[in-house]
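Here's the structure, in structure tokens; my notes come after.
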Amino acid sequence: MEREISEERLQRYFKITGEALKRLEVVVHEKSLLGVVARDFLTMARSYFEDAKYYYEKGDYVTAFAALNYAHGFIDAGVRLGVFKGEDDRLFAFG
Numbered sequence: 016m017e018r019e020i021s022e023e024r025l026q027r028y029f030k031i032t033g034e035a036l037k038r039l040e041v042v043v044h045e046k047s048l049l050g051v052v053a054r055d056f057l058t059m060a061r062s063y064f065e066d067a068k069y070y071y072e073k074g075d076y077v078t079a080f081a082a083l084n085y086a087h088g089f090i091d092a093g094v095r096l097g098v099f100k101g102e103d104d105r106l107f108a109f110g
């Protein structure tokens, strides 16, 4: 059982989540109710990603890792809900 977050693991998650954010497509009309959900999920994902960078720079790898997981959770939830298009199973949970 791992008790620490390695630099290597953290960098891998930064890369995956960063790429997912860049490739993410909103696929619902922005003024619809689902558009509001999509915008909120995207805002939360980006905010948590920025939080992860902040904690990483402070040397707090555990909190950075947690923030990355929250960021990716919002991304995957949006894909599963159908408000984001995400077809690469390396980056997105779908199905």
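In our numbering, the protein residues as written are 16 to 110. Yeah, the Cβ is synthetic: ideal placement off N, Cα and C, and Gly gets one too.
Quick check: the Cα distance between Tyr143 and Gly33, rounded to an integer number of angstroms? In the structure as shown, the chain begins at 16 and stops at 110. Residue 143 is therefore absent and cannot be evaluated.
State whether the segment 89-107 contacts the segment 27-44, with contact taken as three or more CB pairs (one from each stretch) at a distance under 8 angstroms. yes
If you check the beta carbons only, do Val12 and Ala53 fall under 7 angstroms apart? Nothing can be reported for residue 12, as the shown portion of the chain is limited to 16 through 110.
In or out: His44 buried (at least 16 other Cβ within 10 Å) or exposed? exposed
Excluding the 5 residues preceding and the 5 following Val94 in the sequence, name in chain order all residues of the same chain whose CB lies nearer than 7 angstroms to its CB. Gly101, Phe107, Ala108 and Phe109
Verify whether the separation of the beta carbon atoms of Met59 and Phe80 is less than 7 angstroms. no
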